[in-house]
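J.: Pasting a structure below so you can have a look.
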Amino acid sequence: MPQIFRPYADTVLRVALLAILVVPVAAIGAAYAVMWSPYVTGQNVVIEQPVPFSHQHHVGALGLDCRYCHTAVERSPVASVPPTHTCMTCHSQLYTNAQMLAPVRKSLASGIPIRWNRVHRLPDYVYFDHSVHIANGVGCTTCHGQIDDMPLTRQTAPLTMSWCLSCHRDPAPHLRPQSQIFSTTWRPPKDAEKAGRALMSAYHIDTTHLTDCTVCHR
Amino acid sequence: MSSRDDRAKEALRWIAPAGRSIDAVNAIVAAPLLERQRWSWRTWWIAFAVSLALTGAMAISIAWLLIEGIGIFGNNTTVVWGFPIANYVWWIGIGNAGTLISAMLLLLRQHWRASINRFAEAMTLFAAAIAGIFPILHLGRPLYFYWLAPYPNTMALWPQWRSALIWDFWAISSYILFSLLFWYIGLVPDLATLRDRAKGTMARTLFGIFALGWRGSARHWHTLHIYHMTMACLGVPLVVSLHSVVGLDFAASLMPGWAETIFPPYFVVGAMYSGFTMVIVLAAAVRWGLRMQALITIEHFEVMAKMLLAASTIMTLSYCTEWFTAWYGGEGAERRLVVYAFTGDYRVLYWLMLVFNCVIAQAFWFPAARRSIAAVVTIGILINVGMWLERMTIVLNTLSHGYAVSMWRTYAPTLWDFLLLFGSLGFFALLFLIFCRALPVVSMHETRRLLSAEAQP
Amino acid sequence: MTARPPIAPADAGRFDIDRRRALTLLAGGMALALSSCGPPREEIVPYVSMPEGMTPGLPLTFATAVAPFGYAQGVLATSHEGRPTRLDGNPRHPSSLGAIDIFAQAEIMSLYSPDRAQAVRHGDDIAAWSAFEGALQAQLEQEKLRRGAGLRIVTGRITSPTLIRQLQALADVFPAARWLRFEPIDDDAPRAGAVAAFGEPLVTLPHLDRAKVVLTLDADPLGPGPQQLRNAAAFAKVRQSRLTPDDFLRLYAVESMWRLTGANADERLALAPQLMRNVALRVAQALGASVDAGDLPDRARRFADAVAKDLAGNKGRAIVLAGDTQPPEVHALCHWINAQLAAPVDHLPPVDANDKSHAQSLQELADDLGAGRVETLIIIDSNPAYAAPGALKLRELIGKAPFSAHLGLTDNETAQRCQWRLPMSHALEAWSDLRAVDGTASIVQPLIRPLYDTRSAHHVIGLLHGDLGADPYALVRETWQARATGDFESQWRRWLHDGVIADSAAAPVTPPQPHLPNVAPAQGTPPLTLVLAPDPSLWDGRFADNAWLQECPRPLTHEVWGNSLKIAPQDAAIHGLRDGDVVKLAHDGVTVAAPVRVQDGQPAGVVAATLGLGRNAAGAIGNGVGFDVYPLRGPAAGWHIEGVTIEATDQRHAPPTTQHHFRLDAEDKDILRTLAIDDLPRGTASSQDRGESLPSLLPRQNEDGYQWAMVIDTSVCIGCNACIIACQSENNVSVVGPEEVEAGRIMHWLRVDTYFLHEKDEPPGFQPVPCMHCEHAPCEPVCPVAASVHDGEGLNAQVYNRCVGTRFCQSNCPYKVRRFNWFAYSHDQAYANLGADTVTAQYNPDVTVRGRGVMEKCTYCVQRISRARREAEKTDTPIPDGGVVTACQSACPTRAISFGDLNRKDSSVNALRHEPHHYAMLGHLGTRPRTTYLARLNNPNPAAQDDGA
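Structure below.
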């Protein structure tokens, strides 16, 4: 009877067998890579805003303190985005008819708020509290990055759960003295570990409960 | 030499005259695949249509389940488990028998298994696969079932290894993988045979691909033999562990009626019990439907009936042990639960279960019953019902009548519960029917091996 | 087949998937797949100018008052970004004392209720306020000509000084106009009784905390009502384990149906209301009155004599209270008895200015309407069309008024019979003022702008004055400006801050010695009698549109979404009735179909039902729930109806219940333990009863830092359900609806189990059951995804977003405290119209709203713990004892629930855990629960019992 298979059939078969082993593993690897990619985390993705507000200009160049606009950050879970009035404290005098500020003026005139697009977005079941982090030595730039040279605000940290945990497990290297919280120029000292240790005790930080689910999820 | 003679005797005993030649065996087994026109397939088509319909029902209920949520089932705040769990345990039980037959009997040199192990393994594969669906479907959020697997993630989270459900996850997946390999490799020589017997190029190519270039050389046979033995050695502990773990789903708790050390062994026996009954039912079907009277003989039914008798007795013993420990342990809740089982809301199910599982199999003390296919099949079906009821009562009694008196509640299944149950039966039948037409339902090479002895003078 | 919750008509089509819909879904799915690059966009919408005193993300609390029964209940309202989310009790307020009842808490639900009236309607057409104002002015012009002879104003109980001022001022404009007052749950009998005894309608305030022996004759001081919280607090004071048996209150209850008072009594006697006078007379005899006491059944006589002896032996510390079902003369007799006993009760002038009885008012209204004397009918927040006695036929008569308007929160039965339906502002939407029973006044301040185009009663009465712009704020300030002493502004601010107006309470008066009234003893056995009572969950029916209350289990029966006719086993046997059989309940040709519930402890020959159900204009939630017994009431609106007949039918229908088994067998005794105060061992307990001595292979939990625990004192739990609603409003617990409850799928995180421990007709025990937060929690090792985990402070946490819904945790929970979202109860599968946007405004933003397919349960209000901990971490000062108060704890009127830190040696929970009668439920399982109990103490009197002396 005639041959059904050519010699290369063997090769095909072997490759197929190999694929059965390799493909699943590769697939999981790929999926993992995607989970970490900006595509999912939104890292370094610049989001359109009604007014192209530049932290670079206001913080970096003018040196405004974070709390000038984000007034609630020391007392409240939310840092609070400033009311139109805050913008107008200066912009009633400066750039009074700059085109890019039209929405701000419109908001003040009409009493209708500006609708900003959220840059740092956590799931609804995550209860993050700015004030307690501020009070315990976590500076703004630790999570928000070098905000002072962002012409348009973007998210620099991945904001994944394991990223949060990495700090909740060992906060020491990320802590700063109370005086430096709002500084954008602060850099960890040489002996970061030792300094961190000292700050840990200064702030009375007990890591045993910091990784409890109930710390962030309710 | 002597073993050879034994085998010769066995062959005479287990294979009817019509099948006592290698060609005969090949012909009989290959007929449904290569010479369909030999007989009408009307019954097959009817069966196919029915099971297809049921499969459709299953598909619909699954779709509705995903749209609506598991609220469509009859569960309530107290009885949070119901049909899906019982179905799961039951199907897994069915799934046990194939491997037991092929692996355990292989090790025990029970050569008569040759003519039933193939479709028994297929049954195992299908049953285990179907069983695997239920734990996922009964989840509140089925889409996240993969959280039970330890995959790398951005949440820095692992599964919770102490949970019996995780053990389940591994037990089932490894078992399915095992059954697949064992079954498929066993098929290879027969596929080769078919490849060579087949007329059409299409058939030859398909069989050829899956025959993996089997040439039947001595080396091939040797490797296959080693492989089979090794897998069998792996398989027996695996199959035992599988249903033990299922038993632990209940035993690893502190609820009355569940937290019992007897559960794992008793679940394994129960699995074997229900599995064998299913094999018997299918054996009868195959024998009749595919004209296999020569290879699947009355003797097969008789010997399996004996096994059922043994299993039934062990089950009865297990039940008695349960009642005894409940009484002897002196724990109020445990005692009350036994009373509840006999007199409570589900007493009918419980009594039926006892009759089906403990009483009727005693008929097999009589050769007449063992040698009557009708009797064996009927009893087999009833036992399968009984085993399902057992799983149901295990779940319902404990949950309905636990410690919190104010929360005592009863369970009432909904239409969807039944649709999914019978749907899964239909799906199983569908798979099996297709299997009957696509692959050799009896292992030719093992039967030939059994014969080969006789062939020599 | 499926137990799917019914869907509001609006989206009834949601579930039948036709081709079009299938395609829509397909397209939607594809769109989703394409657009699902990263998480969806979210917006941040800041203020234009920040309101004063507001910090984004931090809630504000305001003191105000609500009036579930017309009387003020002081509350502290929490508001997130201007959105009121929950009400708590105001410790400064005498009828709250920091606690809050289910009705006041549910007001927040009423505010956001989708069934609220949202626009002025003329007939069925939507109209504008201006249209109504125009029509009203025209009508008033005519009224002026006839000096208001045709003007009738019907209100509920009015305790607002401002509103009373406005109404009385109307007399100047319309001298001939009439102000009629109608409250379905009236107080006519007590008032008449007081008049008979003292010559004036004095209100009696008992001081249970100064009492040793209390006898109630169908009175319900612990039951729902304006005095419940005050009485309950006092009751708890004298039911404490530390008290000697000599100071421990003994409560006797004579009842014609189960009331909370009887359920908490030490000795309870079930008796027909007509015979109760004989008990009172026997007591009077024992106190030296020469009266004919008539005769009583043996048990009752023994009971009465024991009570009389006990009362007489405790002069100065004994009180007798008569209830609604008793006629004025019995009330008068009780006043006389109390006088003889020098009972610790206060007598106060009534707050309620209108001295006409409710029955008279209604009769008058009916007559005038019938005779066509009513030209202009203004009904303010009252529902006579539904709640008036059927005999008055007001349902039909209201339509006869040429000009009629109804102002209310919902378009109820009355509104639908008026030409003008006016939407009323909720108490949290408008300025007003209110008085409590004892006269204490509070300013009612709005927390939110009216959600719809609504007005308050002040405004509408203003319209009658011809003042189109009547501003409640100005009116209220005007009222109090007159009464202010010194600087008004600072006082005003103080009043708003405190929620009460300092010393505005009426001073108790010392009434003249009541003379012994002439009360004829009851003779023979009365015919089959129907006893009526306000519904424990819906009061008079005004809360029927409130889903929280509809699903709040009635004490003892645990019925929800419906009511039943309570019948004694003897009577049930006579008529061959079982639970759920529907009977025809008839009187004077009026028939009501009602499902029966056979209940031990119901006196033979007496059937009982609650008012407030069977409404047909209460919106999607309240319509057609239960049966309505108002039609059976005679014109006198009595509280018991003699000579009713019941006739069995072949229908069956029982309201769903959340508890099915009420009996505790011997081996369950460690679920709820009871103990007579005399048998209470003194000193402190070993750790035995905590199940801590049991060996365990499991590792001990980390024990440093805070270790939270709860102790519940079952002996002062009166079963009022305040904790259930408190938990529901704090934790965004979904309402599931009758079908789901019927299917056994209740959602309440906290349940109040009711167990009958001794004889079935003896008072039961109540046991609030939240999560036990076991140290060795059975739910934790079984969860495959670690969604049920222990946290470092001893909480058994449930991580919703990790839960996949295997429900293994609940299977393995011996206490069955976990709750599962079988459907998306809080989202697109909500019951009836509770998926409405307004309802979501009530949600507590600090608690995740659970989605479909996840398990949830009591968290010890972890959000409150977290808030306290974060504050502590910010200020580096530890959380003080009492620094965390759970929702259930804050609402409880008897302070039965204590919560605190075990690692704090001086914490209240530590103290309670060493009480001799402390125990852990099912402690022998070795779960080491953090929620533990104090056994239920009672103070029985053997002499009063069947086998007594």
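Chains as they are written, first to last, in our numbering: chain A, 470 to 687; chain B, 22 to 478; chain C, 187 to 1135.
Ideal placement from N, C-alpha and C gives every residue a C-beta, glycine not left out.
1. Can you list, in chain order, the residues of its chain whose CB lies under 6 Å from that of C/Ala539, leaving out five sequence neighbours each side?
2. Cβ of C/Leu1108 within 8 Å of Cβ of C/Ile857?
3. Could you tell me whether the Cβ of B/Arg11 comes closer than 8 Å to any Cβ of chain A?
4. Using DSSP with H/G/I as helix, E/B as strand and the rest coil, what is A/Gln647?
5. Starting from C/Gln785, trace the beta strand (DSSP E) in both directions and tell me its first and last residue.
6. Taking buried to mean at least 16 other C-beta atoms within 10 Å of its own C-beta, is C/Arg635 buried or exposed?
7. Between the alpha carbons of B/Met413 and B/Ala107, how many angstroms are there, rounded?
8. Would you call the CB atoms of B/Ala150 and B/Ala450 closer than 8 Å?
9. For the pair the segment 627-641 of chain A and the segment 528-541 of chain A, tell me if three or more CB-CB distances fall below 8 Å.
10. With distances taken between CB atoms, is the gap from B/Leu514 to B/Ile187 smaller than 8 Å?
11. Report the rounded CA-to-CA distance for C/Met295 versus C/Val252, giving the unit in angstroms.
12. Hey, C/Ala362 and C/Ala324 are a contact pair by Cβ (cut 8 Å); roughly how many whole angstroms apart?
13. Using a Cβ-Cβ distance under 8 Å, would A/Cys682 count as near chain C?
14. On the DSSP bridge assignment, give the partners of C/Arg607 in chain order.
15. Give a yes or no on contact between the segment 910-921 of chain C and the segment 278-292 of chain C, applying the rule of three or more CB pairs nearer than 8 Å.
16. Anything in chain A within Cβ reach of B/Arg225, meaning under 7 Å, just list it in chain order.
17. What are the partner residues of A/Ala495, as DSSP defines its beta bridges?
18. By the 10 Å Cβ neighbour count, where 16 or more other Cβ atoms means buried, how is C/Cys903 classified, buried or exposed?
19. Would you mind telling me which residues of chain C sit closer than 8 Å to B/Trp102, beta carbon to beta carbon, in chain order?
20. So, for C/Ser1052: in the same chain, excluding its five sequence neighbours on each side, which residues have a beta-carbon less than 7 Å away from its beta-carbon?
21. Considering only C-alpha positions, which residue in the set A/Val684, A/Cys535, A/Val588 is nearest to A/Asn513?
22. What does the alpha-carbon distance come out to for the pair A/His560 and A/Met569?
23. Could you give the DSSP three-state label for C/Arg838: helix, strand or coil?
24. Do C/Ser281 and C/Val623 count as a contact pair if the criterion is CB distance below 8 Å?
25. Apart from the five residues on each side of it in sequence, which residues of its chain come closer than 7 Å, Cβ to Cβ, to C/Val975?
26. Taking all protein chains shown into account, do 16 or more other C-beta atoms lie within 10 angstroms of the C-beta of C/Thr835, making it buried, or fewer, making it exposed?
27. Taking one C-beta from the segment 849-856 of chain C and one from the segment 593-603 of chain C each time, how about it: are there three or more such pairs within less than 8 Å?
28. Run through the segment 419-456 of chain C for me and flag every whole beta strand (DSSP E) of 3 or more residues, listed as ranges in chain order.
29. Between C/Phe589, C/Gln788, C/Met610, C/Ala627, which lies nearest to C/Leu455 when the distance is taken from Cα to Cα?
30. Between which residues of its own chain and B/Asn96 is the CB-CB distance below 6 Å, once the five residues before and five after are set aside?
31. Which word fits C/Leu394, buried or exposed, when buried means at least 16 other C-beta atoms lie within 10 angstroms of its C-beta?
32. Closer than 8 Å by beta-carbon distance: list the chain B residues that pair up with A/Leu634, in chain order.
33. Check whether the Cβ atoms of C/Ser265 and C/Phe248 sit closer than 8 Å, and answer yes or no.
34. With a cut-off of 8 Å on the beta carbons, I'd call C/Ala375 and C/His533 a contact; round off their distance for me.
35. Could you give the DSSP three-state label for C/Pro392: helix, strand or coil?
36. Give the residues from the segment 639-651 of chain A that approach chain B closer than 7 Å (Cβ to any Cβ), ordered along the chain.
T.: Let's see:
1. Within the third sequence, numbered from 1, the residue matching residue 539 of chain C stands at position 353. Closer than 6 Å at Cβ, skipping near neighbours: Ile350.
2. Counting from 1 along the third sequence, the entry for residue 1108 of chain C is found at position 922. Counting from 1 along the third sequence, the entry for residue 857 of chain C is found at position 671. Yes. Within cutoff.
3. A query on residue 11 of chain B cannot be resolved here, the shown segment of chain B reaching from 22 to 478 and no further.
4. Taking the first sequence and counting its residues from 1, the one referred to as residue 647 of chain A is at position 178. Of the three classes helix, strand and coil, the one that applies to A/Gln647 here is helix, per DSSP.
5. Taking the third sequence and counting its residues from 1, the one referred to as residue 785 of chain C is at position 599. In this chain, C/Gln785 is not harboured by any beta strand (DSSP E), its DSSP state being neither H nor E.
6. Position 449 of the third sequence, counted from the first residue, corresponds to residue 635 of chain C. Answer is exposed; the Cβ neighbour count stays below 16.
7. Position 392 of the second sequence, counted from the first residue, corresponds to residue 413 of chain B. Position 86 of the second sequence, counted from the first residue, corresponds to residue 107 of chain B. When rounded, the distance between both Cα atoms is 5 Å.
8. The count along the second sequence starts at 1 and reaches residue 150 of chain B at position 129. The count along the second sequence starts at 1 and reaches residue 450 of chain B at position 429. With contacts defined by Cβ atoms closer than 8 Å, B/Ala150 and B/Ala450 do not form a contacting pair.
9. Touching, no.
10. Any property of residue 514 of chain B remains undetermined from this structure, which presents chain B solely from 22 to 478.
11. Against the third sequence, residue 295 of chain C aligns to sequence position 109. Against the third sequence, residue 252 of chain C aligns to sequence position 66. Rounded to the nearest angstrom, the two C-alpha atoms are 13 Å apart.
12. Against the third sequence, residue 362 of chain C aligns to sequence position 176. Against the third sequence, residue 324 of chain C aligns to sequence position 138. Between C/Ala362 and C/Ala324, the beta carbon gap of about 19 Å keeps them out of contact (Cβ cut-off 8 Å).
13. Numbered from 1 along the first sequence, position 213 holds the residue referred to as residue 682 of chain A. A/Cys682 counts as touching chain C.
14. One-based indexing of the third sequence puts residue 607 of chain C at position 421. Per DSSP, C/Arg307, C/His592.
15. They touch, by the three-pair rule.
16. Within the second sequence, the letter at position 204 stands for residue 225 of chain B. The answer, in chain order, is Ile473.
17. Here residue 495 of chain A refers to the residue found at position 26 when the first sequence is read from its first residue. Partner(s): none; A/Ala495 has no beta bridge.
18. Your numbering for residue 903 of chain C matches position 717 in the third sequence. So C/Cys903 ends up on the buried side.
19. Here residue 102 of chain B corresponds to residue number 81 of the second sequence, with the count starting at 1. Residues of chain C passing the Cβ test: Arg993, Ser997.
20. As a first step, residue 1052 of chain C is located in the third sequence; it is residue number 866 there, counting from the start. Closer than 7 Å at the Cβ level, and outside the excluded window around C/Ser1052, lies no residue.
21. For the purposes of this step, residue 513 of chain A is identified with residue 44 of the first sequence, where counting begins at 1. Out of A/Val684, A/Cys535, A/Val588, A/Val588 has the C-alpha closest to the C-alpha of A/Asn513.
22. As a first step, residue 560 of chain A must be located in the first sequence, where it is residue number 91. As a first step, residue 569 of chain A must be located in the first sequence, where it is residue number 100. Per the coordinates, the alpha-carbon of A/His560 lies some 12 Å from the alpha-carbon of A/Met569.
23. Taking the first residue of the third sequence as 1, we reach residue 838 of chain C at position 652. Looking at C/Arg838 - three-state DSSP - the assignment turns out to be strand.
24. Sequence index remark: in the third sequence, residue 623 of chain C carries index 437 (1-based). Sequence index remark: in the third sequence, residue 281 of chain C carries index 95 (1-based). The answer is yes: Cβ separation under 8 Å.
25. As a working note, residue 975 of chain C is residue 789 in the third sequence. Contacts found: Glu966, Ala983, Val985.
26. Against the third sequence, residue 835 of chain C aligns to sequence position 649. It counts as exposed.
27. In short, these stretches do not touch, since the Cβ pair count stays below three.
28. Those beta strand (DSSP E) runs which fall completely within the segment 419-456 of chain C and span 3+ residues are 436-441, 453-456.
29. Within the third sequence, residue 455 of chain C is the residue found at index 269, counting from 1. Distance check between C/Leu455 and each of C/Phe589, C/Gln788, C/Met610, C/Ala627 places C/Gln788 closest, using alpha-carbon atoms only.
30. Taking the second sequence and counting its residues from 1, one reaches residue 96 of chain B at position 75. Once the five neighbours on either side are set aside, the close Cβ partners of B/Asn96 are Gly103.
31. The residue you call residue 394 of chain C lines up with position 208 of the third sequence. Buried, because 16 or more other Cβ atoms sit within 10 Å of the Cβ of C/Leu394.
32. On the first sequence, residue 634 of chain A is found 165 positions in, with the first residue counted as 1. Those within 8 Å of A/Leu634 in chain B are Ala177.
33. Your numbering for residue 265 of chain C matches position 79 in the third sequence. Your numbering for residue 248 of chain C matches position 62 in the third sequence. Remark: C-beta atoms of C/Ser265 and C/Phe248 approach each other more closely than 8 Å.
34. On the third sequence, residue 375 of chain C is found 189 positions in, with the first residue counted as 1. On the third sequence, residue 533 of chain C is found 347 positions in, with the first residue counted as 1. Not quite, the Cβ-Cβ distance comes to about 16 Å (not below 8 Å), so this is no contact.
35. Counting from 1 along the third sequence, the entry for residue 392 of chain C is found at position 206. DSSP places C/Pro392 within a strand segment (E or B) once states are collapsed to three.
36. Within the segment 639-651 of chain A, no residue has a Cβ lying closer than 7 Å to any Cβ of chain B.
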